[in-house]
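In case it helps, this note's numbering puts the sequence shown at residues 644 to 1068. Positions of the beta carbon are idealized from the N, C-alpha and C atoms, including for glycine.
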Amino acid sequence: MTTHTAVDVIRAKRDGARLTDAQIDWVVDAYTRGAVADEQMSALAMAIFLNGMDAAETAQWTRAMVDSGEKLSLDVGRPTVDKHSTGGVGDKITLPLAPLVAACGAAVPQLSGRGLGHTGGTLDKLESIPGWRAQLSVDEVMSQLRSVGAVICAATSGLAPADKKLYALRDVTATVEAIPLIASSIMSKKIAEGAEALVLDVKVGSGAFMKSLDQARALASALVSIGVDHGLKISALLTDMSVPLGRAVGNSVEVTESVEVLRGGGPADIIELTVALAKEMLSRAGISADPAAVLASGEAYETWARMIRAQGGDPDAPLPVGQHKHVVTATSDGYLTKLDAYAVGVAAWRLGAGRARKEDPVQPGAGILCLAKPGDKVTKDQPLLELYTETPDAIPAALESLTGGHEIGETPPTRTPLVIDTIRG
Ligand code: URA
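Next comes the structure, spelled out in structure tokens:
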């Protein structure tokens, strides 16, 4: 039997070698147990960042992270299908999507996270609903999947604990942005969660992790390849994140907008992306249904209300809105030619919708309403953005991050498609 040491594994990757399956299994397991120190894993993460891992190494690294914890077995009497977004601004799609796909006949286990930085977190949004509970036991998840068909809740700490430890380390060692590490991190949690099919929404543009189409395509291919290796029915949609999705960016404001969509209204881009992802999820789950018709019929809203009630929330309760409001107006007549997702995301975050450290609270009522979107005709002094917060001192910093984030021109901008491409495994 070969005896491994952390120094040998680090040296191999530092010198550009492929790691063997045995080295990967050993180092991930030893790190999870505390036998490999944080400083050694930091060095290895940096070596991987600089020298990469090929598809087979990445698949093995993912397998080792899945094996570091428990794996759910979702036997709930319906095909199971999940969706994962790489994160964006105004990206509330999970909220209408999970009940919609459940109303079409699938079971949707959506284990979600909180926001960090300028991108929002699904759990933070839902926690603006009075009484709603994010922490569920595995038994509660299974029972809700059987009775309602959809559950959105926090991931249990037993899923992929190696990733939990490694992600925190990458965050403080400038090693987050490595495609093999991002792809194995995302997929280890999804594989451990146990759904049979998965649709990924890989965002590209200023408000996304991946700023260029080439990077996003490389990440999507890495994610799909890991999924195929693990026997998942998997697809990735590459979607635009240069402009905020919908009109609402924040927590309660995004829930309100999602409910509008579930009631048959809401912004066209939210409806388009929700239906596109639902179609792909249903096709991967082997269900033939027309999600656009189900959305328009109000059935998805009924599933939403049952899903919220099952987790202690009141779907009819009024939602909090920040007490202090500031309006940004148009400085000239013309067309809105630019509304930068990153600028709006950072502004909403500064108003209190997001957090700087994991343990910080968020303001449920803080956020931004985008009253005009690129392509809209605007007139001088017309309100463009409404900023909401409980902490008026935050408004100047939010306005500073919006500087240069929107532009008005004489001709309408050319539209980029929302769904840029689809990669199927
Ligand atoms: N999301 C994850 O879960 N992991 C990463 O590494 C990046 C984004």
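1) What do you reckon, are the CB atoms on residue 1056 and residue 1008 nearer than 7 Å?
2) What residues in its chain sit with their C-beta under 6 Å from that of residue 704, if we drop five residues either side in the sequence?
3) Applying the 10 Å Cβ sphere with the 16-neighbour rule, what's the burial state of residue 725?
4) Say the cut is 6 Å; is the CB of residue 829 nearer than that to a heavy atom of the ligand URA?
5) Under three-state DSSP, which class holds residue 771?
6) Once DSSP output is grouped into helix, strand and coil, what is the label at residue 853?
7) By the 10 Å Cβ neighbour count, where 16 or more other Cβ atoms means buried, how is residue 966 classified, buried or exposed?
8) Out of 1042, 994 and 1066, point me to the one whose CA is closest to residue 894's CA.
9) Can you tell me which of the three DSSP states residue 736 falls into?
10) Following a CB-centred definition, is residue 825 positioned closer than 6 Å to any heavy atom of the ligand URA?
11) Could you tell me the boundaries of the alpha helix (DSSP H) in which residue 913 lies?
12) Tell whether a beta-carbon distance below 7 Å holds between residue 1064 and residue 881.
13) For a test of the three-state rule: what should DSSP assign to residue 787, helix, strand or coil?
14) Is residue 805 helix, strand or coil by DSSP?
15) Does the separation of the CB atoms of residue 870 and residue 841 fall below 7 Å?
16) Per DSSP, what kind of secondary structure is residue 981 in: helix, strand or coil?
17) Let me know the secondary structure DSSP gives residue 755 once reduced to three states.
18) Can you round the beta-carbon distance between residue 941 and residue 772 to whole angstroms, since I take them to be within the 8 Å contact cut?
19) Quick one, which of 741, 760 and 892 has its alpha-carbon nearest residue 794's?
20) Is the CB-CB distance between residue 1069 and residue 1012 below 7 Å?
21) Give me the DSSP bridge partner(s) of residue 1011.
22) Tell me residue 969's beta-bridge partners as DSSP assigns them.
23) What residue does the beta strand (DSSP E) around residue 878 start on, and which one ends it?
24) Which value, in whole angstroms, describes the spacing of the CA atoms of residue 694 and residue 816?
25) So if DSSP puts residue 1051 in a beta bridge, which residue, or which two residues, is it bridged to?
26) What are the boundary residues of the beta strand (DSSP E) that includes residue 1067?
27) Three Cβ pairs or more, each shorter than 8 Å: is that satisfied between the stretch 798-814 and the stretch 842-853?
This is what the structure holds:
1) Counting from 1 along the sequence shown, the entry for residue 1056 is found at position 413. Counting from 1 along the sequence shown, the entry for residue 1008 is found at position 365. No, these two residues do not count as a Cβ contact at 7 Å.
2) Reading the sequence shown from its first residue, position 61 is the one you call residue 704. So the qualifying residues of the chain are 667 and 827.
3) As a first step, residue 725 must be located in the sequence shown, where it is residue number 82. Flag for residue 725 reads buried.
4) Stepping through the sequence shown from its first residue, residue 829 is reached at position 186. Indeed, a heavy atom of the ligand URA lies less than 6 Å from the Cβ.
5) Counted from its first residue, the sequence shown places residue 771 at position 128. In the structure shown, residue 771 sits in coil (DSSP, three-state: anything other than H, G, I, E or B).
6) The sequence position of residue 853 within the sequence shown is 210, counting from 1. In the structure shown, residue 853 sits in a strand (DSSP, three-state: E or B).
7) Translated into the one-based positions of the sequence shown, residue 966 becomes position 323. Exposed.
8) Mapped onto the sequence shown, residue 894 falls at position 251. It is 994 whose Cα lies nearest to the Cα of residue 894.
9) Along the sequence shown, one-based indexing puts residue 736 at 93. Of the three classes helix, strand and coil, the one that applies to residue 736 here is coil, per DSSP.
10) For the purposes of this step, residue 825 is taken as residue 182 along the sequence shown, with counting starting at 1. At least one heavy atom of the ligand URA is nearer than 6 Å to the Cβ of residue 825, so yes.
11) Numbered from 1 along the sequence shown, position 270 holds the residue referred to as residue 913. Residue 913 -> alpha helix (DSSP H) spans 911-927.
12) Position 421 of the sequence shown, counted from the start, is the residue given in the question as residue 1064. Position 238 of the sequence shown, counted from the start, is the residue given in the question as residue 881. Yes, Cβ-Cβ distance for residue 1064 and residue 881 is below 7 Å.
13) If you number the sequence shown from 1, residue 787 lands on position 144. Helix at residue 787.
14) Here residue 805 is taken as the residue at index 162 of the sequence shown, counted from 1. Looking at residue 805 - three-state DSSP - the assignment turns out to be helix.
15) For the purposes of this step, residue 870 is taken as residue 227 along the sequence shown, with counting starting at 1. For the purposes of this step, residue 841 is taken as residue 198 along the sequence shown, with counting starting at 1. Yes, the pair counts as a contact, with Cβ atoms nearer than the cut-off.
16) In the sequence shown, counting from the first residue as 1, residue 981 sits at position 338. Strand at residue 981.
17) Residue mapping note: residue 755 aligns to position 112 of the sequence shown, counting from 1. DSSP places residue 755 in strand when its eight states are reduced to three.
18) Counting from one through the sequence shown, the residue named residue 941 turns up at place 298. Counting from one through the sequence shown, the residue named residue 772 turns up at place 129. Residue 941 to residue 772, Cβ: 19 Å. No contact.
19) On the sequence shown, position 151 is the one that residue 794 refers to. Checked all of 741, 760 and 892; the closest Cα to residue 794 is 741.
20) In the structure displayed, the chain extends from 644 to 1068; residue 1069 sits before or after that span and is not available.
21) As a first step, residue 1011 is located in the sequence shown; it is residue number 368 there, counting from the start. Paired residues: 892 and 1030.
22) Position 326 of the sequence shown, counting from 1, holds the residue named residue 969. 1030, per the DSSP bridge assignment.
23) For the purposes of this step, residue 878 is taken as residue 235 along the sequence shown, with counting starting at 1. Element bounds for residue 878: 876-883.
24) Numbered from 1 along the sequence shown, position 51 holds the residue referred to as residue 694. Numbered from 1 along the sequence shown, position 173 holds the residue referred to as residue 816. Whole-angstrom Cα-Cα distance: 16 Å.
25) Against the sequence shown, residue 1051 aligns to sequence position 408. Its beta-bridge partners are 979.
26) The residue given as residue 1067 occupies position 424 in the sequence shown. 1062-1067 is the span of the beta strand (DSSP E), which, as asked, contains residue 1067.
27) no
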